[in-house]
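Reviewing the structure listed below.
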Ligand SMILES: Nc1ncnc2c1ncn2[C@@H]1O[C@H](COP(=O)(O)OP(=O)(O)OP(=O)(O)O)[C@@H](O)[C@H]1O
């Protein structure tokens, strides 16, 4: 069911479903410039949520605010039922360990090999013997579909697709429950992007992940996202399935989901269409 924040409270949609991230009345501003104004958003366990919006609307700002990389002016954010503001340092660390993040462009450390990059969160949060960390890193490398010899390569020796996979392996280093992906398919060719989408869907199914994916990629939205949230007018303007997006009356949403590019991907008749995502809820 589509939800317009102005028309109905998001809480009403969550009945019977486990909310893993809940943002309530979140306002973020830089000086006098308000970027997010009383924004509400829920993400449910096991879903892949695609987060879209015009360039500059604040998608990255919201993700960085949720991850505590930016301060908010007001509002509450609960992750896995906990509010970071109410936790002490060890509790914050414990919650951080349950989150994985893939930043735009991968953001791998260029001076470290793939294996060492994957081990960065392990070193930060865990005290494991080196042999076990090596074993775990190799497991993650296999999990994201990289060849074993990628382990000892440096980021400069990897293709764009391999960098995304290595960054995903690092995001999965601590077996997170909730994964944040910032434009994971940007810069990939269509085949590489489709393969990456498939990988994300498979990992969601096999690991039971919940995925929050900021994306501009219509293919991703259509093929792997269970729900979509659209950021506009400084808040979540509408959330729901592709069909809900097609039915929503807003110029940007219409142009995005019914525009020329969308027409080649998304059936426009709201009729029968292939499953979007594999459920997971
Ligand atoms: N640290 C900052 N200081 C001041 N303004 C900022 C800061 N970070 C972001 N902004 C502003 O907030 C707005 C939202 O930026 P943001 O990067 O979140 O957009 P976006 O929706 O992710 O865009 P894109 O799709 O192009 O990546 C922009 O106007 C940007 O200039």
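Numbering (the UniProt record's numbering), first residue to last: 1 to 281. Note that CB positions come from ideal geometry on N, CA and C, so glycine has one too.
Give a single yes or no on whether residue 57 has its beta carbon closer than 7 Å to a heavy atom of ligand 1. As a first step, residue 57 is located in the chain shown; it is residue number 57 there, counting from the start. Within the cutoff, so yes.
Distance cut-off 7 Å: residue 30 Cβ against heavy atoms of ligand 1: Counting from 1 along the chain shown, the entry for residue 30 is found at position 30. Checking every heavy atom of ligand 1 against the Cβ of residue 30, one is found closer than 7 Å.
Return yes when at least one heavy atom of ligand 1 lies under 7 Å from the C-beta of residue 53, else no. As a position in the chain shown, residue 53 is number 53, starting the count at 1. Indeed, a heavy atom of ligand 1 lies less than 7 Å from the Cβ.
Taking a contact to mean a Cβ-Cβ separation below 8 Å, would you say residue 168 touches residue 144 in this structure? Reading the chain shown from its first residue, position 168 is the one you call residue 168. Reading the chain shown from its first residue, position 144 is the one you call residue 144. It is a contact, given that the beta carbons lie within the stated cut-off.
Distance, Cα to Cα, residue 206 vs residue 140? Position 206 of the chain shown, counted from the first residue, corresponds to residue 206. Position 140 of the chain shown, counted from the first residue, corresponds to residue 140. If I take the Cα positions, the gap works out to 13 Å.
In angstroms, rounded to a whole number, what distance separates the CA positions of residue 58 and residue 32? Sequence index remark: in the chain shown, residue 58 carries index 58 (1-based). Sequence index remark: in the chain shown, residue 32 carries index 32 (1-based). Here the alpha carbons of residue 32 and residue 58 stand approximately 15 Å from one another.
What residue range is occupied by the uninterrupted beta strand (DSSP E) comprising residue 256? By 1-based counting over the chain shown, the position of residue 256 is 256. For residue 256, there is no enclosing beta strand (DSSP E); the residue is found in the alpha helix (DSSP H) stretching over 251–258.
With distance defined between alpha-carbon atoms, name the residue in 142, 28, 115 nearest to residue 154. The residue you call residue 154 lines up with position 154 of the chain shown. When C-alpha distances from residue 154 are compared across 142, 28, 115, the shortest belongs to 115.
Beta strand (DSSP E) segment containing residue 239, residue limits: Sequence index remark: in the chain shown, residue 239 carries index 239 (1-based). If you look at residue 239, you'll find it in the beta strand (DSSP E) that goes 235–240.
Just to confirm the assignment, what range does the beta strand (DSSP E) spanning residue 37 have? Taking the chain shown and counting its residues from 1, the one referred to as residue 37 is at position 37. Per DSSP, residue 37 belongs to the beta strand (DSSP E) from 33–44.
Closest to residue 208 by C-alpha separation, out of 175, 185, 244, would be which residue? Locating residue 208 in the chain shown gives position 208, where the first residue counts as 1. When only C-alpha atoms are compared, the closest one is 175.
Outcome for residue 244 when other beta-carbon atoms lying within 10 angstroms are tallied against a minimum of 16: Position 244 of the chain shown holds residue 244. Buried, because 16 or more other Cβ atoms sit within 10 Å of the Cβ of residue 244.
Distance, Cα to Cα, residue 99 vs residue 85? By one-based count along the chain shown, residue 99 stands at place 99. By one-based count along the chain shown, residue 85 stands at place 85. Approximately 16 Å between the Cα atoms of the pair.
I need the DSSP call for residue 91, collapsed to helix, strand or coil. Here residue 91 is taken as the residue at index 91 of the chain shown, counted from 1. Here residue 91 sits in helix by DSSP.
Taking the alpha carbon of residue 185 as the point to measure from, which residue in 194, 177, 55 has its own alpha carbon closest? Taking the first residue of the chain shown as 1, we reach residue 185 at position 185. Per the Cα distances, 194.
Residue 188 to residue 75 span [Cα, whole Å]: For the purposes of this step, residue 188 is taken as the residue at position 188 of the chain shown. For the purposes of this step, residue 75 is taken as the residue at position 75 of the chain shown. Rounded to the nearest whole angstrom, the C-alpha separation of residue 188 and residue 75 is 36 Å.
Beta carbon of residue 65, beta carbon of residue 19: below 8 Å? On the chain shown, position 65 is the one that residue 65 refers to. On the chain shown, position 19 is the one that residue 19 refers to. Their beta carbons are not under 8 Å apart, which means residue 65 does not touch residue 19 by this criterion.
Can you tell me whether residue 55 is buried or exposed, with buried defined as 16 or more other CB within 10 angstroms of its CB? Mapped onto the chain shown, residue 55 falls at position 55. With fewer than 16 Cβ atoms within 10 Å of its Cβ, residue 55 is classed as exposed.
Let me know if residue 69 comes out buried or exposed under the rule of 16 or more other beta-carbons within 10 Å of its beta-carbon. The residue you call residue 69 lines up with position 69 of the chain shown. Per the 10 Å Cβ criterion, exposed.
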